[in-house]
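J.:
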Amino acid sequence: MLVPDVKSRPQYQQLRFDPSGRFHLFVGQGDGGLALLRVRPELPESAEIRVIYTGESLTGCDLSEELAGCGWRQLKVLTTQVAALQMLDEVLEQSLMGTRLYVAGSEGFIGAAEQVAARYNLQSDELQREHQGSSARRVFCVHCQTSQDDVTTNIVLCRGCGRHLLVRDHYSRRLAAFMGGMADAEVPGCLPELREGFG
Amino acid sequence: MKTVDSIEVVVAAIEDVTPLIKRFTLRKISGGLLPPFSGGCHVTVVMRGGERTFRNPYSLLGSPRNLDSYEIAVRRDDQGRGGSLFMHQLVTVGTRLEISHPINLFPLSKLARKQILIAGGVGITPVLAMIDDLSAGPIDWELHYSFRGTEHACFGTWLSKRHGDRVRLYDTAAGQRIDFATLVGQQPLGTHLYVCGPSQMTVEAFESARAAGWPESHLHTEQFAPPPVGVAFEVHLAKSEQTVQVSAEQSLLEALEAAGIDAPYLCRSGACGRCELNVVELDGELIHNDHWLTAEDRISGRKIMPCVSRAKCKRLVLDW
Numbered sequence: 001m002l003v004p005d006v007k008s009r010p011q012y013q014q015l016r017f018d019p020s021g022r023f024h025l026f027v028g029q030g031d032g033g034l035a036l037l038r039v040r041p042e043l044p045e046s047a048e049i050r051v052i053y054t055g056e057s058l059t060g061c062d063l064s065e066e067l068a069g070c071g072w073r074q075l076k077v078l079t080t081q082v083a084a085l086q087m088l089d090e091v092l093e094q095s096l097m098g099t100r101l102y103v104a105g106s107e108g109f110i111g112a113a114e115q116v117a118a119r120y121n122l123q124s125d126e127l128q129r130e131h132q133g134s135s136a137r138r139v140f141c142v143h144c145q146t147s148q149d150d151v152t153t154n155i156v157l158c159r160g161c162g163r164h165l166l167v168r169d170h171y172s173r174r175l176a177a178f179m180g181g182m183a184d185a186e187v188p189g190c191l192p193e194l195r196e197g198f199g
Numbered sequence: 200m201k202t203v204d205s206i207e208v209v210v211a212a213i214e215d216v217t218p219l220i221k222r223f224t225l226r227k228i229s230g231g232l233l234p235p236f237s238g239g240c241h242v243t244v245v246m247r248g249g250e251r252t253f254r255n256p257y258s259l260l261g262s263p264r265n266l267d268s269y270e271i272a273v274r275r276d277d278q279g280r281g282g283s284l285f286m287h288q289l290v291t292v293g294t295r296l297e298i299s300h301p302i303n304l305f306p307l308s309k310l311a312r313k314q315i316l317i318a319g320g321v322g323i324t325p326v327l328a329m330i331d332d333l334s335a336g337p338i339d340w341e342l343h344y345s346f347r348g349t350e351h352a353c354f355g356t357w358l359s360k361r362h363g364d365r366v367r368l369y370d371t372a373a374g375q376r377i378d379f380a381t382l383v384g385q386q387p388l389g390t391h392l393y394v395c396g397p398s399q400m401t402v403e404a405f406e407s408a409r410a411a412g413w414p415e416s417h418l419h420t421e422q423f424a425p426p427p428v429g430v431a432f433e434v435h436l437a438k439s440e441q442t443v444q445v446s447a448e449q450s451l452l453e454a455l456e457a458a459g460i461d462a463p464y465l466c467r468s469g470a471c472g473r474c475e476l477n478v479v480e481l482d483g484e485l486i487h488n489d490h491w492l493t494a495e496d497r498i499s500g501r502k503i504m505p506c507v508s509r510a511k512c513k514r515l516v517l518d519w
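Residue numbers (my numbering), protein chains in the order written: chain F, 1 to 199; chain H, 200 to 519.
#1: Sort out for me which residues DSSP pairs H/Ala318 with in a bridge.
#2: Let's see if you can read the secondary structure: which residues bound the alpha helix (DSSP H) around F/Met87?
#3: Measuring CA to CA, which of H/Glu448, H/Ala447 and H/Leu455 is closest to H/Gln441?
#4: Output, in chain order, the set of chain F residues within a Cβ distance shorter than 7 Å of H/Trp413.
#5: Compare the C-beta of F/Gln123 with all C-beta atoms of chain H and state if any pair is closer than 8 Å.
#6: At a Cβ threshold of 8 Å, is F/Arg173 touching chain H?
#7: Short of 7 Å Cβ to Cβ, which residues in the segment 335-348 of chain H face chain A?
#8: Leaving aside the five residues before and after H/Thr202 along the sequence, list all residues of the same chain whose C-beta is less than 7 Å from its C-beta, in chain order.
#9: At the level of alpha carbons, what is the spacing between F/Arg159 and F/Leu165?
#10: For H/Thr243, would you say it is in contact with chain F, using Cβ-to-Cβ distances shorter than 8 Å as the test?
#11: Quick check on the burial criterion: 16 or more other C-beta atoms within 10 angstroms. Buried or exposed for H/Ile228?
#12: Just to make sure I have the definition right: I need the residues of chain F whose C-beta is within less than 9 Å of the C-beta of H/Val443. Which are they?
#13: Determine the contact status of H/Val292 and H/Lys221, defining contact as a CB-CB distance below 8 Å.
#14: Between which residues of its own chain and F/Glu130 is the CB-CB distance below 6 Å, once the five residues before and five after are set aside?
#15: Could you check which residue in F/Arg50, F/Glu65, F/Ala176 and F/Gly32 has the C-alpha nearest to that of F/Ala118?
#16: Using the C-alpha atoms, what's the distance from F/Leu78 back to F/Ser57?
#17: Output, in sequence order along the chain, the residues in the segment 386-414 of chain H whose CB is closer than 9 Å to any CB in chain F.
#18: Excluding five sequence neighbours on each side, which residues of the same chain lie with their C-beta closer than 8 Å to the C-beta of H/Arg312?
#19: Around the C-beta of H/Lys438, are 16 or more other C-beta atoms found within 10 angstroms, so that it is buried, or is it exposed?
#20: Shorter than 8 Å from the beta carbon of H/Arg467 to some beta carbon of chain F?
#21: With 16 other CB atoms within 10 Å as the buried threshold, where does H/Met200 fall?
#22: To the nearest whole angstrom, what separates the beta carbons of F/Gly33 and F/Tyr53, a pair I think is in contact under 8 Å?
#23: In the DSSP assignment, the alpha helix (DSSP H) including H/Thr324 goes from what residue to what residue?
#24: Can you grab the Cα-Cα spacing for the pair H/Tyr269 / H/Leu289, in whole Å?
#25: Work out the CA separation of H/Gly322 and H/Phe520 for me, nearest whole Å.
#26: Would you say F/Phe17 faces chain H, with C-beta separation under 8 Å as the test?
#27: Taking the CB atoms as reference points, tell me whether H/Asn488 and H/Gly472 lie closer together than 8 Å.
#28: Looking only at its own chain, which residues have a Cβ that is under 7 Å from the Cβ of H/Ser359, when we skip the five neighbours before and after it?
#29: Rank H/Arg295, H/Ser407 and H/Leu307 by C-alpha distance to the C-alpha of H/Thr224 and give the top, closest one.
#30: Check H/Glu270 in the structure and name its three-state DSSP category.
#31: If you measure beta-carbon to beta-carbon, which residues of the segment 137-164 of chain F are closer than 7 Å to chain H?
#32: At the level of alpha carbons, what is the spacing between H/Pro256 and H/Pro426?
#33: In angstroms with no decimal places, state the Cα-to-Cα distance between H/Arg263 and H/Thr420.
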């Protein structure tokens, strides 16, 4: 069942420059570029800022050119999300205490970036997340432990084990995915109506 | 219902660590193993003096892997309320004491990438057990230990021998000081800072860290300060319909305990929140000395932490 107000459901806010930090790392994906363009005028010229961006997204929103045109001192544009996350990992490895991370993009991208950040023990007061673009979910099959990206419907066929999964609102930050459980376990073949839930 | 279970122990050994610090080894009277604990834990020792009962928290400094005995260190404070003098003058090998179960309000972060421990004087005690935990694990760590005079270097010298370069000693009597700004300026992401020492040391360390952009979630401290003294007042317990007098040198919690009231507590230093009580009525003002209540709580005037806070009033009515 889809239950509103599930505690694990991620809460997102609008990115805001945090002056208590010493170094600032912005990571954007697809529509998340809108958040970066919005905060750009608020950023103090003296602040130490790096930006990583990828235009790869489900919605096709690529703001690479717009971002390149607004005078970041250190902007890296990458063609894929995987490459952007890899770069995030490399930058965090070299980063010092006092760094603030700002992530904007789809829910799946934010979750994946948080997984990288967790390896460096970044906590909620060092990390801001803004959701932009697709609400498609990454779904983890609780039966065969396969994850699949870009799920937009309440029921999805698991590509690992072929079960019909009901996509729950229960989110795992460790796995950066929503839990999917067999939808017709009690009465085989009896499935809830298929709906577009998180397009 | 008793809110805090106690353990009956006997003092098995007493050792002078420095001219002011004694180390006490405690064993269970009934024999056998004591409850497990982790680095950063403390126990509250109940000291039944003539007129007053003291309950002072002391960090466990022995190895968490040795549960045959607990070790605590007590610094003699001649100007203190009397708990440390009780331990130094009245407790001998064979004395029976009552202690609480270990509680950890100063735990190490398990997910840290690096741990920086900072200790001043007798503040080294929780850090000793923390180091014992850390030396058995994979996380990088270092200790910066500041003390006054070579006769107080005892714990430091011992740690240096065991852990080499991870341990840096600073003798303030020789003018050596921890350079906090440099220390916190170049640490990798995921570093945590733990400070146990005089309050000025914590303030200085945390201010340097904040100035270098460290967030609060990476800053940890513990300090067992005695409850501040004040003016005597009367407290009335609305539910149990009792009236208790709180003297100037007594904490509100101690006054309740002296009247036989089994009020809840854990840390007795205003940090843990366990003893929070609701205020029903007050004809003066609350003096908050805790680190627990939020700014809104304080403004509301509806809550008090009786372990360290008191009231400047004639009569305080509590919901108990």
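Ideal placement from N, C-alpha and C gives every residue a C-beta, glycine not left out.
T.: Per the coordinate set shown:
#1: H/Tyr344 and H/Cys395
#2: Gln81 to Gln94
#3: H/Leu455
#4: Met97 and Gly98
#5: yes
#6: no
#7: Absence of chain A from the displayed structure is noted, the protein chains being F and H.
#8: Annotation note: pLDDT 49 at H/Thr202 (below 50); position unreliable, coordinate value reported separately. Here the set comprises Asp461 and Pro463.
#9: 10 Å
#10: no
#11: exposed
#12: Neighbours of H/Val443 on chain F: none; closest Cβ ~41 Å, over 9 Å.
#13: no
#14: Tyr12, Gln14, Leu15, Ala35 and Ala104
#15: F/Ala176
#16: 12 Å
#17: Gln386, Pro387, Leu388, Gly389, Thr390, His391, Leu392, Ala408, Arg409, Ala410, Ala411, Gly412, Trp413 and Pro414
#18: Ile338, Asp339, Pro387, Leu388, Gly389 and Thr390
#19: exposed
#20: no
#21: Confidence in H/Met200 is poor, its pLDDT being 40 and thus under 50, which makes the residue's placement too unreliable to answer from.
#22: 6 Å
#23: Ile323 to Ser334
#24: 19 Å
#25: Chain H is shown from 200 up to 519; residue 520 of chain H falls before or after that span and cannot be answered.
#26: no
#27: no
#28: Val366 and Leu368
#29: H/Arg295
#30: strand
#31: none
#32: 12 Å
#33: Per the sequence shown, residue 263 of chain H should be read as Pro rather than Arg. If I take the Cα positions, the gap works out to 20 Å.
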